[in-house]
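Enquirer: The structure follows.
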Amino acid sequence: GAGVSQSPSNKVTEKGKDVELRCDPISGHTALYWYRQRLGQGLEFLIYFQGNSAPDKSGLPSDRFSAERTGESVSTLTIQRTQQEDSAVYLCASSLSRNQPQHFGDGTRLSIL
Amino acid sequence: AQKVTQAQTEISVVEKEDVTLDCVYETRDTTYYLFWYKQPPSGELVFLIRRNSFDEQNEISGRYSWNFQKSTSSFNFTITASQVVDSAVYFCALSVVGAQKLVFGQGTRLTINP
């Protein structure tokens, strides 16, 4: 079956622009996560969605970052007024339910010029 | 707060050698899960194993084995008879019940030389 799908795979944009990243989770997975991976670093948690519960936004680094999820399907991560330190790979993961293994997409490599 | 430490930043061995990747974790929760993920050069994260805190049995899967010791808060990963295809960055991660996010270590870059 299809895995987690992310688009675009690469995004280059100018500082100050807004970007929107998309994640299609594995069908049937109720939990969805966003992480950020800076070059040579581990993954930093950003936000978690579980069904219709309020999302856990505790990892969002600033109010320029926001994310939405429609039901148990697609999620979008939006970064407003991008800055150079936002350059990273943004990874989406989904799992069947909480505490189950998370399956990751290939990520979106974001470069801010 | 939870923390995962992978003290080995980089390891380089010759093919067929055994290699152990260390992982030490910190949490005050009594119920938690430990994970290992592999990130090959292509970039995708591949799930390897999940362990819950109540199961200290060691696990073996082919050339891979995991040693979970609560007494030392460690969850080490051993690759036996390493192969070039094992070259990747390996991440250890922790999640606790009630906080579903994974807390990752900084990763260990493993290079297997032919």
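Those protein sequences? They're chains A and B, same order as listed. Sequential numbering of the first sequence, starting at 1, is according to this note's numbering. Sequential numbering of the second sequence, starting at 1001, is according to this note's numbering. Note that beta-carbon positions come from the ideal geometry of N, C-alpha and C, so glycine has one too.
Does Tyr-1064/B get closer than 8 angstroms to chain A when you measure Cβ to Cβ?
Expert: Within the second sequence, the letter at position 64 stands for residue 1064/B. It does not: the Cβ of Tyr-1064/B has no partner Cβ on chain A nearer than 8 angstroms.
Enquirer: Output the distance between the C-alpha atoms of Leu-1048/B and Arg-98/A, rounded to the nearest integer angstrom.
Expert: Taking the first residue of the second sequence as position 1, residue 1048/B is located at position 48. Taking the first residue of the first sequence as position 1, residue 98/A is located at position 98. Spanning the two alpha carbons is a distance of roughly 18 angstroms.
Enquirer: Out of Tyr-1064/B, Gln-1069/B, Arg-1063/B, Val-1046/B, point me to the one whose CA is closest to Gln-1057/B's CA.
Expert: As a working mapping, residue 1057/B is identified with position 57 in the second sequence. Answer by Cα proximity: Gln-1069/B.
Enquirer: Kindly indicate the opening and closing residues of the beta strand (DSSP E) around Ser-1074/B.
Expert: Position 74 of the second sequence, counted from the first residue, corresponds to residue 1074/B. 1074 to 1079 is the span of the beta strand (DSSP E), which, as asked, contains Ser-1074/B.
Enquirer: Grab the span of the beta strand (DSSP E) containing Ala-54/A for me, first residue to last.
Expert: By one-based count along the first sequence, residue 54/A stands at place 54. No beta strand (DSSP E) contains Ala-54/A, which DSSP labels as neither H nor E.
Enquirer: Would you mind telling me which residues of chain B sit closer than 7 angstroms to Tyr-48/A, beta carbon to beta carbon, in chain order?
Expert: Locating residue 48/A in the first sequence gives position 48, where the first residue counts as 1. In chain order: Gln-1100, Lys-1101.
Enquirer: Hey, would you say Thr-1078/B sits closer than 8 angstroms to Thr-1020/B, going by beta carbons?
Expert: Position 78 of the second sequence, counted from the start, is the residue given in the question as residue 1078/B. Position 20 of the second sequence, counted from the start, is the residue given in the question as residue 1020/B. In this structure, Thr-1020/B lies closer than 8 angstroms to Thr-1078/B by Cβ.
Enquirer: Give the residues of chain A in contact with Ser-1073/B, contact being defined as C-beta atoms less than 7 angstroms apart.
Expert: Locating residue 1073/B in the second sequence gives position 73, counting from the first residue. The contacting residues do not exist; Ser-1073/B stays about 18 angstroms from chain A at best.
Enquirer: Quick one: what's Ser-66/A bridged to in DSSP?
Expert: Here the question's residue 66/A lines up with position 66 in the first sequence. Per DSSP, Thr-78/A.
Enquirer: Is there contact here, the segment 1092 to 1105 of chain B with the segment 1026 to 1039 of chain B, by at least three beta-carbon pairs under 8 angstroms?
Expert: Contact between the segment 1092 to 1105 of chain B and the segment 1026 to 1039 of chain B is present, because at least three Cβ pairs lie under 8 angstroms.
Enquirer: Can you find a C-beta in chain A that's less than 8 angstroms from the C-beta of Leu-1045/B?
Expert: For the purposes of this step, residue 1045/B is taken as the residue at position 45 of the second sequence. Yes - at least one Cβ of chain A is within 8 angstroms of the one on Leu-1045/B.
Enquirer: Is the CB-CB distance between Arg-1063/B and Ala-1088/B below 8 angstroms?
Expert: The residue you call residue 1063/B lines up with position 63 of the second sequence. The residue you call residue 1088/B lines up with position 88 of the second sequence. Cβ distance not < 8 angstroms, so Arg-1063/B and Ala-1088/B don't count as in contact.
Enquirer: Which class does Glu-1059/B belong to by DSSP, given the choice of helix, strand or coil?
Expert: By one-based count along the second sequence, residue 1059/B stands at place 59. Correct three-state label for Glu-1059/B: strand.
Enquirer: With a cut-off of 8 angstroms, does the C-beta of Gly-51/A fall near any C-beta of chain B?
Expert: One-based indexing of the first sequence puts residue 51/A at position 51. Cβ-Cβ to chain B under 8 angstroms: no for Gly-51/A.
Enquirer: Tell me where the beta strand (DSSP E) around Asn-1052/B begins and ends.
Expert: Here residue 1052/B corresponds to residue number 52 of the second sequence, with the count starting at 1. 1046 to 1052 is the extent of the beta strand (DSSP E) around Asn-1052/B.
Enquirer: Can you say whether Gly-16/A is buried or exposed, counting buried as having 16 or more other CB atoms within 10 angstroms of its CB?
Expert: Numbered from 1 along the first sequence, position 16 holds the residue referred to as residue 16/A. Exposed, because fewer than 16 other Cβ atoms sit within 10 Å of the Cβ of Gly-16/A.
Enquirer: Could you give the first and the last residue of the continuous beta strand (DSSP E) run that contains Gln-37/A?
Expert: To locate residue 37/A, count along the first sequence from 1; it is residue 37. Unbroken beta strand (DSSP E) run through Gln-37/A: 31 to 37.
Enquirer: Just the Cα atoms here: how many angstroms apart are Asp-106/A and Ser-1053/B?
Expert: By 1-based counting over the first sequence, the position of residue 106/A is 106. By 1-based counting over the second sequence, the position of residue 1053/B is 53. Cα-Cα distance, rounded: 29 angstroms.
Enquirer: Indicate whether Phe-1091/B and Gln-1008/B have their beta-carbon atoms separated by less than 8 angstroms.
Expert: Along the second sequence, one-based indexing puts residue 1091/B at 91. Along the second sequence, one-based indexing puts residue 1008/B at 8. Against a cut-off of 8 angstroms, the Cβ pair of Gln-1008/B and Phe-1091/B comes out as no contact.
Enquirer: May I ask which residues mark the beginning and end of the beta strand (DSSP E) holding Tyr-23/A?
Expert: For the purposes of this step, residue 23/A is identified with residue 23 of the first sequence, where counting begins at 1. Checking the sequence, you will find Cys at residue 23/A rather than Tyr. From DSSP, the beta strand (DSSP E) with Cys-23/A extends over 19 to 24.
Enquirer: Leaving out five residues before and five after Leu-43/A in sequence, what residues of the same chain have Cβ atoms less than 8 angstroms from its Cβ?
Expert: Taking the first residue of the first sequence as position 1, residue 43/A is located at position 43. Answer for Leu-43/A: Tyr-35, Arg-36, Gln-37, Leu-91, listed in chain order.
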